[in-house]
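J.: When you number the sequence shown by our numbering, it's gap-free, plus one each residue, and the end is 1012.
A virtual CB, placed ideally from N, CA and C, is assigned to each residue, including glycine.
As the structure is a prediction and not an experimental result, all values here were calculated from the model.
I have a structure I would like to understand better, so I am pasting it below and will then ask my questions one at a time.
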Amino acid sequence: MTVPGRRSSTFIRLLRSGFTDPTAASRLLDAEALAAVRADPVLLDALGATADPDLALLGLVRLAEAQSAEDLPLLLDTLVSAKPLRDRLLGVLGASAALADHLARHPHDWRALVTYEAADLHPGLPEFERGLADAHDPVALRVAYRRCLLSIAARDVCGTIDLAQTAAELADLATATLRAALRIASAAAPQDAAACRLAVIAMGKCGGNELNYVSDVDVIFVGEAAPGTDEGKGIQAATRLASHLVRICSETTVEGTIWPVDANLRPEGRNGPLVRTLASHLAYYQRWAKTWEFQALLKARAVAGDPELGAQYIEAITPLVWQAAERENFVADVQKMRRRVVDNIPASQIDRELKLGPGGLRDVEFAVQLLQLVHGRTDTSLRSGTTLDALHALAAGGYVGRADAAQLHDAYRFLRAMEHRIQLHRLRRTHLVPEDESDLRRLGRSMGLRTEPVAELNKAWRRHASVVRRLHEKLFYRPLLDAVAQLAPGETRLSPAAAGQRLEALGYADPASALRHLEALASGVSRKAAIQRTLLPVLLGWFADSADPDAGLLNFRKVSDALGKTPWYLRLLRDEGAAAENLARVLSAGRLAPDLLMRAPEAVALLGDPDNLRPRTHEALDQEVLAAVGRADSAEAAVAAARGVRRRELFRTAAADIIASYGTEDSPAEKDCGALVDRVGDAVSELTAATVAGALRAAVRDHWGETLPTRFAVIGVGRFGGHELGYGSDADVLFVHEPREGVGEQEAAKAAQTVIAEMRRLLQLPTADPPLLIDADLRPEGRSGPLVRTLASYAAYYRRWSLTWESQALLRAEPVAGDADLGRTFIELIDPLRYPVEGLGEDAVREIRRLKARMETERLPRGADPTLHTKLGRGGLSDVEWTVQLLQMRHAWAEPGLRTTRTRHALAAANAAGLLTTEEAQILDEAWVLATRVRNAVMLVRGRAGDTFPADARELAAVGRYLGYPEGRVGEMLEEYRRTTRRARAVVDDLFYGA
């Protein structure tokens, strides 16, 4: 009798045995079918040892209740007296609800677990073929298949076989099933079987002898007509047989399905014929096949049908597989495949993806297969379709470090074991780690984690995934360093030829030079070399992910040579997680940023903290530049200091832009391209203004002390005044002065002209820092007019002679340096010109349109593609800016929001005022932002300004990477540019020309 308020001893014992619902378990134990064994302590202990005792008990009760009165005693007697059967049967019932369902439907199949002989412990293909021999229809085949699967699962969950043996047995069972299905299909159509020869080639995990519990079985069909049969009719017969085989395995019956047979890896995929002749296969592979198809063929294995034809197919395609790494686009294809896999994972599932997520099974398989393709050309020991065998061979040959291979081996086995247990539960094809607590508990216990199964499972999973994520890139690169470094006794190194092959396969155009750089960086026994050997495997991967890996490695060597003796440099890269990746991105993205960095390598320190990459404020820049100028003892030294600040800040801006555009492993690329453009435009414009202010201060102080005889202001115009400068832009300006009291106009004008000449000289002096060109050609009368005027002179000119285009040029005028009050007075003077009351008259509008049309025909460089010229081409910068500026001159008098020097702000204000639709504003904005980004990209990549896409393939690819296009997608980039600007031009035709 149970004391009221106290739990029974059975309840407590069930709880201690691992049952999560002791009340339900107690009811199940009371089931009549278990009356003979419910008191047996051995049974409860055995249930408690399973992955899910509740599930195992439920399955046992269902199995017992399904037995006949004559068979039940045999089941129960064997259960309590035979430990092997007890462990196998309860182990399966506690791990797989699907196999419990099978046993409930087929209550005699438990006897398949009774035999405990050597052949039963490790069955092979012959045993599985015997197990399926009596199946003569799809339903019987499913029942027999599951009976065989039951025996594999039993050995697996009991630990009789390990992961590799389980996967191999599952592949053998799949092979036997394909043979049985072909036998059934041939029996149903004997005439077709007689008219052809058909070979079934297993691909993927089945071909590699490493199949999952539930997986698509990938196949390729090869057919030939039987002797004396027309080839066309023979292939038709083979196609009918192959189609029937697919249906036999894939279709759902009263016994469910076996697994989908997937023939989409065949030439041309779903669009290609299901069956081809051997000659047709070879013709396709030799002419049309893509790199991924050869990677897939690495696992090809003839498994069913005509053995001679299957062997001929394998013999014929093998040389093609091992020549794949010599293909022209091998590297680009490989990078594309990896990106496509990751991109296709839904964001909501990426953290639970065992197979395709970061640090998942595909990372290991992909890395191993790539190394096989690169080095299997010359080393036949690497030509295994089984991932773990191939990994072992790579380590034995020195192609992968032994310690790395061991860690990867353990991680892969753990992740595959998780995948097996997840699929075994419901026999469903999934690679997602469950979220439900009870599912995670069962999964953890099935992996042998019994104390805190959920916490232990998550911890182990994350640890192994982290190992894969960390090692799968280093796997390629660490042996390259071993090839040029001193190794421990017994270690095998890559030969120089093999190292060169690998570098070439990973995108390095000059492997010999790359190896020399590695040797210079990583050889020796110094602490510096040891740190470099730790850093370089990861850095080499990041370089290889760029359009120009060779430049990235060369630039890294230059920076390391310059800073090698600086104690903080390697420590920064080693200890600050972001610094090394940021540096790799910057050094391999083009010429501009590395050139800026080489002039002052200590700027590497900016890359260690995201806060360091934010643009500095106008006030902070002004303060630093003017302080540096004040400390200098000559104008030349003063402006050299100001230009040094400019160089450092240009590097800061370029580095931030590159990192945001490329993204990093921890931070995706910036999606708001407009924000990227605005940040660069603001930063470079503010920096240019501070530099001009510093040069002005230096020029004045050198000739007149603290005070110039005339008040003097610099007015930014064009992109400078619009805060839209790019990396290669000149500074467009106007100069205005006003004589101080008591100073004659001639003396004042001479002083102003002297200051301008001195500023220009100082800012263009040959030094290590990039020059800043000051362009005053937008002044009244252009190059024919005086460089500087007084306010009165400007007023007289504008009142009497000003042309419409000059008023248009003033739309982006803004004071940038010098006397602030004078600058404000100048703006007050020009406002009525650029924002005329009642807007422009029709004559002025016609004049602007005529000038724009003339510029389109006369100023576009000869030979330039008008669809790809960012400034003067169709839908480019000029089109958008002139359209916006016409709206400003016509409507800014009535719409204050249009009174801005910034193109995008004016465009948004015009939309808000209803002067164009939201769609039109978005189309123009998108085109302007894209054209601006292309110009910035060209400067970053080539180190010199340009208005068109580069002709050089590598430079064009680098522009594409900056714009977010993966390797091999430059054609798509150019088409997207044309499409975007074509839409913009249609809006321009409507709004500007009134078409």
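Check whether the segment 724-734 touches the segment 974-983, counting contact only when three or more Cβ pairs, one atom from each stretch, lie closer than 8 Å.
T.: No: fewer than three Cβ pairs fall under 8 Å.
J.: Mind checking whether the beta-carbon of F843 lies closer than 8 Å to any heavy atom of the ligand PLP?
T.: The ligand PLP is not among the ligands present in this structure, which contains no ligands whatsoever.
J.: Where does I218 fall in DSSP's three states?
T.: Within the sequence shown, the letter at position 201 stands for residue 218. Of the three classes helix, strand and coil, the one that applies to I218 here is strand, per DSSP.
J.: Mapping the DSSP letters down to three states, classify H740 as helix, strand or coil.
T.: Here residue 740 refers to the residue found at position 723 of the sequence shown. Coil, per DSSP.
J.: Assign L504 to buried or exposed, taking buried as 16 or more other Cβ atoms, counted over all protein chains shown, within 10 Å of its Cβ.
T.: Taking the sequence shown and counting its residues from 1, the one referred to as residue 504 is at position 487. Confidence at L504 is low in this model, with a pLDDT of 47, below 50, so the placement of that residue is unreliable and no value is reported for it.
J.: Residues in its own chain within less than 8 Å of R851 by CB, not counting five upstream and five downstream?
T.: As a first step, residue 851 must be located in the sequence shown, where it is residue number 834. Excluding positions up to five away in sequence, the list reads S824, Q825, L827, L828, A830, Q905, M906 and A909.
J.: Pull up the DSSP beta-bridge partners for F729, would you.
T.: Taking the first residue of the sequence shown as 1, we reach residue 729 at position 712. DSSP output for F729 lists H754 as bridge partner(s).
J.: If I'm right that P496 touches G418 with Cβ under 8 Å, what's the distance once you round it to whole angstroms?
T.: Residue numbering aside, residue 496 sits at position 479 when the sequence shown is read from its first letter. Residue numbering aside, residue 418 sits at position 401 when the sequence shown is read from its first letter. Contact holds; Cβ gap of about 6 Å.
J.: Taking CB distances under 9 Å as the criterion, tell me whether L941 reaches chain D.
T.: Protein chain content of the structure displayed is limited to a single chain, and chain D is not contained in it.
J.: From this set, L779, D794 and D350, which residue's C-alpha is nearest P788's C-alpha?
T.: In the sequence shown, counting from the first residue as 1, residue 788 sits at position 771. If we check each option's Cα against that of P788, L779 comes out closest.
J.: In angstroms, rounded to a whole number, what distance separates the CA positions of T37 and D57?
T.: Against the sequence shown, residue 37 aligns to sequence position 20. Against the sequence shown, residue 57 aligns to sequence position 40. So the alpha carbons of these two residues sit roughly 20 Å apart.
J.: For L80 and G465, what's the separation of their Cα atoms in angstroms?
T.: Position 63 of the sequence shown, counted from the first residue, corresponds to residue 80. Position 448 of the sequence shown, counted from the first residue, corresponds to residue 465. Their backbone Cα atoms lie some 26 Å apart in a straight line.
J.: Please name the residue or residues paired with C213 in a DSSP beta bridge.
T.: Taking the sequence shown and counting its residues from 1, one reaches residue 213 at position 196. Answer is A242, bridged to C213.
J.: So does the segment 95-107 actually touch the segment 430-442, counting three or more Cβ pairs closer than 8 Å?
T.: With a cut-off of 8 Å, the segment 430-442 and the segment 95-107 do not count as touching, because too few Cβ pairs lie within range.
J.: For R293, which residues from the same chain have a beta carbon less than 8 Å from its beta carbon, with the 5 sequence-adjacent residues on both sides left out?
T.: What you label residue 293 is simply residue 276 of the sequence shown in a count that begins at 1. Cβ within range, chain order: F238, V239, G240, I252, R283, P284 and Y301.
J.: Which residue comes first and which comes last in the beta strand (DSSP E) that contains V450?
T.: The count along the sequence shown starts at 1 and reaches residue 450 at position 433. It is not in any beta strand (DSSP E) - V450 carries neither H nor E in the DSSP assignment.
J.: Sorted by chain position, which residues of the same chain lie with C-beta nearer than 8 Å to E992's C-beta, five sequence neighbours on each side aside?
T.: Residue mapping note: residue 992 aligns to position 975 of the sequence shown, counting from 1. Excluding positions up to five away in sequence, the list is empty.
J.: Based on the DSSP secondary-structure assignment, which residues constitute the bridge partners of T270?
T.: Here residue 270 refers to the residue found at position 253 when the sequence shown is read from its first residue. Answer is G273, bridged to T270.
J.: Helix, strand or coil: which one does DSSP assign to L504?
T.: Position 487 of the sequence shown, counting from 1, holds the residue named residue 504. The predicted position of L504 is uncertain, since its pLDDT is 47 and thus under 50; no value can be drawn from it.
J.: Is DSSP giving V760 helix, strand or coil here?
T.: Indexing the sequence shown from 1 puts residue 760 at position 743. Residue state, collapsed to three classes: coil.
J.: Report the CB separation of A63 from D104 in whole angstroms; it is logged as a contact under 8 Å.
T.: Within the sequence shown, numbered from 1, the residue matching residue 63 stands at position 46. Within the sequence shown, numbered from 1, the residue matching residue 104 stands at position 87. 7 Å between Cβ atoms; contact.
J.: Looking only at DSSP bridge pairs, what is R318 linked to?
T.: Translated into positions along the sequence shown, residue 318 becomes position 301. Answer is A219, bridged to R318.
J.: CB-CB under 8 Å to L295, same chain, minus the five flanking residues each way: which ones, in chain order?
T.: Mapped onto the sequence shown, residue 295 falls at position 278. If we look at L295 and ignore the five residues flanking it on each side, its Cβ neighbours are V239, E241, L326, Q329, Y330 and A333.
J.: Hey, how far is the Cα of P451 from the Cα of A422?
T.: As a first step, residue 451 must be located in the sequence shown, where it is residue number 434. As a first step, residue 422 must be located in the sequence shown, where it is residue number 405. Taking the straight line from one Cα to the other gives about 28 Å.
J.: If distances are taken between C-alpha atoms only, which option among A929, R446, D786 and R971 comes closest to V231?
T.: Translated into positions along the sequence shown, residue 231 becomes position 214. Among A929, R446, D786 and R971, the Cα nearest to that of V231 belongs to R446.
J.: My assumption, with CB atoms under 8 Å, is that E943 sits in contact with T900. Please give the rounded CB distance.
T.: Along the sequence shown, read from residue 1 onward, the residue named residue 943 stands at position 926. Along the sequence shown, read from residue 1 onward, the residue named residue 900 stands at position 883. That pair is no contact at about 14 Å.
J.: Cα separation between I940 and S267?
T.: In the sequence shown, residue 940 corresponds to position 923, counting from 1. In the sequence shown, residue 267 corresponds to position 250, counting from 1. For I940 and S267, the distance between alpha carbons rounds to 49 Å.
J.: Should C165 and F145 be called a contact, given that it needs their Cβ atoms to be closer than 9 Å?
T.: Here residue 165 refers to the residue found at position 148 of the sequence shown. Here residue 145 refers to the residue found at position 128 of the sequence shown. Yes, these two residues count as a Cβ contact at 9 Å.
J.: Going by DSSP, what residue range makes up the alpha helix (DSSP H) through A870?
T.: Within the sequence shown, numbered from 1, the residue matching residue 870 stands at position 853. Segment E859 to E875, the alpha helix (DSSP H) holding A870.
J.: So, does the segment 701-719 touch the segment 799-819, judging by three or more C-beta pairs under 8 Å?
T.: At 8 Å Cβ cutoff, the stretches do not touch.
J.: Please report how far the alpha carbon of R588 lies from the alpha carbon of R172, in whole angstroms.
T.: Here residue 588 refers to the residue found at position 571 when the sequence shown is read from its first residue. Here residue 172 refers to the residue found at position 155 when the sequence shown is read from its first residue. Roughly 51 Å between the two C-alpha positions.
J.: With respect to the beta strand (DSSP E) encompassing R633, which residues constitute its N-terminal and C-terminal limits?
T.: The residue given as residue 633 occupies position 616 in the sequence shown. It is not in any beta strand (DSSP E) - R633 carries neither H nor E in the DSSP assignment.
J.: If distances are taken between C-alpha atoms only, which option among Y525, S543 and D592 comes closest to A568?
T.: Taking the sequence shown and counting its residues from 1, one reaches residue 568 at position 551. The option with the nearest alpha carbon to A568 is Y525.
J.: Spell out the partners DSSP gives V278 in its beta bridges.
T.: What you label residue 278 is simply residue 261 of the sequence shown in a count that begins at 1. V234, per the DSSP bridge assignment.
J.: Under DSSP, the alpha helix (DSSP H) around P832 begins and ends at which residues?
T.: Position 815 of the sequence shown holds residue 832. Segment E831 to G835 is the beta strand (DSSP E) holding P832; no alpha helix (DSSP H) there.
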